[in-house]
Structures are given as structure tokens and as C-alpha cells.
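So the structure is just underneath, and the comments pick up after that.
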Amino acid sequence: MHLSEHDRETLLKTLTAKDPAIIQARMANALLLLAEGLSTEDVAGLLYLDEASVAGWQALFFKRSPKAA
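This is the structure in C-alpha cells:
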């Protein structure tokens, strides 16, 4: 698949939107991938995130839900 530079920029802008619903969906996606056994590094790469965001979301989840650990 080939994306034009404009299409790529538009898609990346969507991923970095500050809309709470989008952030919540990306967080859920990251947590589900972590639960499947993927590493923080792999999840970050797959979802175009930085590792610190993925690790932070994981820490927040464990803090909120100690039984999940």
C-alpha cells in the first residue's frame, strides 16, 4: 500500500489528536496488546506511540486495578 505524503500526515495527525475518546481507545488497544504478551517497545512501535506513554498507561492500569497485576 502506498500513501501520499498528505494522506500520511492526515493519518498521523488523527493518531496524535487530543480527543479523550481517541486517547482512551488507543490506551485500551495498548493494554490489550500488552495483555497478549507483547512488550512495551513492540506495542509502542505498532501503535506509533512512545514507550513512555505505553508504560505510563500500564502503570495507571495496575494502580487502578491491583488485581490485574
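Going by numbering that gives the first Met the number 0, the sequence shown runs without a break in its numbering and finishes at 68. Positions of the beta carbon are idealized from the N, C-alpha and C atoms, including for glycine. Please read all numbers here as calculations on a predicted model, not as lab measurements.
Residue environment: A43 is assigned as buried (16 or more neighbouring CB atoms within 10 Å of its CB, all protein chains considered). In the three-state reduction of the DSSP assignment, K17 falls in the coil class, being assigned neither a helical nor a strand state. Between R25 and L46 the beta-carbon gap is near 6 angstroms, inside 8 angstroms, which marks them as a contact. In the DSSP assignment, D49 falls outside any alpha helix (DSSP H), carrying neither H nor E.
The C-beta distance from E40 to E50 rounds to 6 angstroms, short enough to meet the 8 angstroms contact threshold.
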